[in-house]
Every structure is written in structure tokens, then in C-alpha cells.
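Asks: Here the sequence shown is numbered in the UniProt record's numbering, starting from 1 and rising by one per residue. Glycine residues also receive a C-beta, built at the ideal position from the N, C-alpha and C atoms.
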Amino acid sequence: MQTYEVDLNKCGPMVLDALIKIKNEVDSTLTFRRSCREGICGSCAMNINGGNTLACTRRIDTNLNKVSKIYPLPHMYVIKDLVPDLSNFYAQYKSIEPYLKKKDESQEGKQQYLQSIEEREKLGLNPGKAIAEIKKMMATYKEKKASV
């Protein structure tokens, strides 16, 4: 496990900002995923201080007496550093076709269908984070079942 120190006065407020600063200024070999920086794509999903969350939406704890602990998503093989192998996730995701399908394909591409904030909130967790949470729950369930 690596330990890094980051000057919070010279860093953005999110965990992803600190990771980018470390990669750019301290350890260019540090590997993690990132993309939208908006909390939408789920690329930067990781375990931060014991919870599966997105590094781009998680604020850095400014309490200097606490150390932030960052791990790759649990219950997945790790490719390198904070990058889990998502091959199984993408295969499962593709198999369930988690997107809207129009009944009439003849009008495809003619009109944009906008989604309200309320409709987006109904969708809940981002898929990568959701899979990690489900795997965590399954592991806990198996442990409890084995101890009975």
C-alpha cells in the first residue's frame, strides 16, 4: 500500500483532484480510471474510506488528523492500483440491455427525448457502483450463511 501527502491548499476539493495531482506531480505510475468528472459515467468508482463511491463527487476530508484510505472496488480482480477488471460487469450489463427501447424504430433519430432531474434520480446508483455494492452484499451474505 502506498502513502501520499497532498497539500489541500493547492488541490481541488474532490478526491479525484487529489489523485490527478498525485499522478501529475508525485507518482506518474499511479493508475485509476476517470472520464466525465460529473458523477455520471462511473469510471472513477472506488472504495473511499470504506464506502463505494465516485472519486469525482467525493469531497476530500479536510480534517488533517484523519487519513483518507482509497482502494479499488471490492470483490473484483484488480488490474493495477485502483483499476478493477470490469470485463464481467460489462458482459452482465450488455446482457440485460439496461436502456430504453422504442416500440416504433421507424422514427429513430428524428426527435430527442429529454430526461428531467426527477426522472434521472429515479434511476438511483450508477451501474458500476451498484454492481460493487451488490457484490459486497453477496459476500457478506455468504459469510453469514457459512457461519450458521
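For T57, which residues in the same chain have their Cβ closer than 8 Å to its Cβ, ignoring the five residues on either side in sequence?
Replies: Here the set comprises M14 and G39.
Asks: Cα separation between L19 and I79?
Replies: Approximately 17 Å between the Cα atoms of the pair.
Asks: What does the alpha-carbon distance come out to for the pair P84 and K102?
Replies: Spanning the two alpha carbons is a distance of roughly 33 Å.
Asks: When you compare only the Cα positions, how much space is there between M76 and L86?
Replies: So the alpha carbons of these two residues sit roughly 8 Å apart.
Asks: Here's the rule I'm using: 16 or more other beta-carbon atoms within 10 Å means buried, otherwise exposed. How should L54 be labelled?
Replies: Buried, by the Cβ-count rule.
Asks: Quick check on the burial criterion: 16 or more other C-beta atoms within 10 angstroms. Buried or exposed for L64?
Replies: By the neighbour-count rule (16 or more Cβ atoms within 10 Å), L64 is not buried but exposed.
Asks: Look at K21 and G12 and say whether their C-beta atoms are less than 9 Å apart.
Replies: Contact: yes.
Asks: Mapping DSSP to helix, strand and coil, what is V78?
Replies: Three-state result, V78: strand.
Asks: Looking at the structure shown, is A55 part of a helix, part of a strand, or coil, going by DSSP?
Replies: It is coil, neither helix nor strand.
Asks: So the candidates are S35, C41 and E25; which of them puts its Cα closest to the Cα of G128?
Replies: For the residues S35, C41 and E25, the minimum Cα distance to G128 belongs to C41.
Asks: Thinking C-alpha only, which one of P74, S68 and I117 is nearest A45?
Replies: Closest by alpha carbon: P74.
Asks: Please report the residue range of the alpha helix (DSSP H) in which N24 lies.
Replies: Unbroken alpha helix (DSSP H) run through N24: V15 to E25.
Asks: Can the beta-carbon of I70 be found less than 9 Å from the beta-carbon of N88?
Replies: For I70 and N88, no; Cβs fall outside 9 Å.
Asks: Measuring straight from C-alpha to C-alpha, what distance separates L114 and S106?
Replies: Between L114 and S106, the C-alpha separation is close to 19 Å.
Asks: What are the boundary residues of the beta strand (DSSP E) that includes N47?
Replies: Unbroken beta strand (DSSP E) run through N47: A45 to I48.
Asks: Out of D17, T31, V26 and V67, which one is the CA nearest neighbour of R37?
Replies: If we check each option's Cα against that of R37, D17 comes out closest.
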